[in-house]
Amino acid sequence: GVLLRRLLQDPVLEGVSHIIVDEVHERNVDTDFLLSILRDVLRQRTDLRLLLMSATMNTSLFVDYFGTGTPVLSIPGFTYPVTCHYLKHVLDVTGTTDKVSDDAINYRLVVSLVEYLVDTGDNGGAGEGAMLIFMPGVQEIKSTIRELLQSRVASALVAYPLHGALPGHEQCTIK
């Protein structure tokens, strides 16, 4: 969204040297539209570098689209072990007896789980780390942060909202 708005005001992206589009395998109207515009911009700006990233990208699709001579780099990634825990486990370890519904976010359960993880250091033995909590929208992100910063483990937390509507000056504060 941010780049598309920028392109409306600056169609050749003057002063931009590189553009990174991550998770390009997640095809949607915005991304496809963006790539269509960027292909035209690249024809005018041979100095502009476009990096398309994805762990599961069909590279031939993008090479065909952007033209022969499009370099492809395959960088072996480091995979971290992932353990799936299901809702029953989360309810057990947090001692939560609240009714869980698909229709509403149970912020108390989210806070209880974060408190459990902070209290136990249960992060797969990785030492200090970070948590990503995915929420469906900006208001839900704000509510989650508000609840976490009022929790008993608030002093151990640094919470950053990450979403597409985040103003640039706030993006710059994220480390």
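Its first residue numbered 1093, the sequence shown is counted upward by one per residue in our numbering. Virtual Cβ for every residue (Gly too), placed ideally from N, Cα, C. A quick note: this is a predicted structure, and the numbers were derived from the prediction, not measured.
Collapsed DSSP secondary structure at residue i in the structure displayed
i       : result
Leu1241 : helix
Asp1122 : helix
Lys1180 : helix
Arg1137 : coil
Ala1222 : coil
Asp1190 : coil
Tyr1199 : helix
His1261 : helix
Asp1102 : coil
Lys1267 : coil
Own chain partners of residue i with C-beta closer than 8 Å, once the 5 adjacent residues on each side are dropped
i       : result
Leu1105 : Arg1098, Leu1099, Ile1111, Val1133, Arg1137, Leu1140
Val1206 : Met1223, Ile1225, Leu1240, Ser1243, Val1245, Leu1249
Thr1148 : His1117
For residue i: DSSP bridge partner residues
i       : result
Ile1112 : Leu1143
Beta-carbon gap between residue i and residue j smaller than 8 Å
i       : j       : result
Glu1239 : Tyr1178 : no
Asp1190 : Leu1201 : yes
Ser1146 : His1117 : yes
Ile1237 : Ala1251 : yes
Asp1122 : Gly1093 : yes
Leu1144 : Val1192 : no
Tyr1208 : Thr1186 : yes
Phe1158 : Arg1131 : yes
Residues of its chain near residue i, where Cβ-Cβ distance is below 7 Å and the 5 sequence neighbours each way are ignored
i       : result
Ile1233 : Met1227, Pro1253, His1255
Val1164 : Thr1151, Val1155
6 Å CB neighbourhood of residue i in its chain, flanking five on each side removed
i       : result
Pro1188 : For the sequence presented, residue 1188 should be read as Thr rather than Pro. Answer for Thr1188: Leu1201, Ser1204, listed in chain order.
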